[in-house]
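Under the UniProt record's numbering, the first residue of the sequence shown is numbered 1, with each subsequent residue one higher.
Read the structure below first, then the notes.
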Amino acid sequence: MQDPQYPARRPWEPQAQPQIRLTDAQRDSVIQVLQEAFSQGQLDEEELDERTGKAMKAKFGADLAPLTEDLGVAPQGSTAGSGASPFGSPGGGGGQRPGPREPLPSTPVERVVAAVGHGGNYLFPVVAPLVLFLASDKISPYVRRQAMESLNFQLFCLVGGIASLLLAWLVLPIVVVVAIALGWAVLPVIASVASLTGRNWRYPTPYRFLKDD
1 MQDPQYPARR
11 PWEPQAQPQI
21 RLTDAQRDSV
31 IQVLQEAFSQ
41 GQLDEEELDE
51 RTGKAMKAKF
61 GADLAPLTED
71 LGVAPQGSTA
81 GSGASPFGSP
91 GGGGGQRPGP
101 REPLPSTPVE
111 RVVAAVGHGG
121 NYLFPVVAPL
131 VLFLASDKIS
141 PYVRRQAMES
151 LNFQLFCLVG
161 GIASLLLAWL
171 VLPIVVVVAI
181 ALGWAVLPVI
191 ASVASLTGRN
201 WRYPTPYRFL
211 KDD
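Here is the structure:
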């Protein structure tokens with residue numbers, strides 16, 4: 001006999017939609033909205049830190065909704081309609097990372113961290129931007145972008161320098177080595193200053209080993 005507390009579902013009754021867990025890209029989308037709100041003065045630094053922390057720990061769309069509903073904006077790829085998550089769905093078009101040339105907002109703390117990632121190459125080449133790139137993947141899109149730029153530049157200098165030294169018996173590779181050495185000595189300083197001012201710095205390298213999705 002059927003327990004009256006748990007009646008059988010009738011065929012015409014709609015089945016409850018299961019909650020789908022958020023992806024990292026969807027959390028990043030909300031964090032970008034929060035950073036933009038901070039840059040426009042809608043949030044102060046304490047509110048930004050608090051909401052960013054909650055966004056990083058969120059598991060479902062309902063956890064993220066209160067973080068942006070009073071800002072008058074929605075994360076990229078938001079959808080309307082009954083049962084649809086306001087933050088997109090895994091594998092959908094929402095929550096994609098910004099393109100490589102799309103400007104990214106930043107906080108004063110993020111600018112300092114990004115500058116350290118560039119300048120850290122003088123003490124720990126390749127290692128400094130690599131650690132920062134891995135650590136910032138879920139925290140700050142701006143720091144992640146700058147760490148990726150710094151890492152790409154260091155890898156380019158390393159590979160280009162080694163290849164040129166192996167071909168040192170030619171004249172052109174010697175010129176390339178000198179150019180790479182000058183760039184390695186000067187460009188991280190320029191990149192650090194650019195990051196401190198909130199610019200989206202890009203190294204003038206012809207090839208990038210790591211690229212934005």
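Glycine residues also receive a C-beta, built at the ideal position from the N, C-alpha and C atoms.
Note that the structure is predicted; figures quoted are calculated from it, not measured.
Close beta carbons around V143, own chain, < 6 Å, minus the five adjacent residues each side: E110, V113, A114 and S136
Beta-carbon spacing of L64, L34 below 8 Å: no
Short Cβ contact (8 Å threshold) for L22 with K59: yes
Bounding residues of the alpha helix (DSSP H) (the contiguous stretch that carries L158): P141 to L166
Range covered by the alpha helix (DSSP H) that runs through K54: E45 to K57
Local Cβ density within 10 Å of G120, reported as buried at 16 or more and exposed below that: buried
CA nearest to the CA of A128, picked from I139, V116 and K138: V116
Cβ-based burial, D28 [other Cβ within 10 Å; buried from 16]: buried
Buried/exposed call for V30, threshold 16 Cβ in 10 Å: buried
CA-to-CA distance, V177 to L166, given in whole angstroms: 11 Å
Residues near W184 in its chain [Cβ-Cβ closer than 6 Å; skip 5 each side]: C157
Boundaries (first-last residue) of the alpha helix (DSSP H) holding V129: Here residue 129 turns out to be Pro, not Val, going by the sequence shown. Start and end: V127 to A135.
Buried versus exposed, by CB contacts within 10 Å (16 or more), Q154: buried
Cα-Cα separation between A37 and S195, rounded to whole angstroms: 20 Å
8 Å contact criterion, which Y203 and L187 should meet: CB distance rounded: 6 Å
C-alpha gap between L43 and Y207, whole angstroms: 38 Å
Own chain partners of D24 with C-beta closer than 7 Å, once the 5 adjacent residues on each side are dropped: K138
Distance between I180 and G161 (C-alpha atoms, nearest Å): 7 Å
Candidates K54, E45, L48 and E149: closest to S192 by CA position: E149
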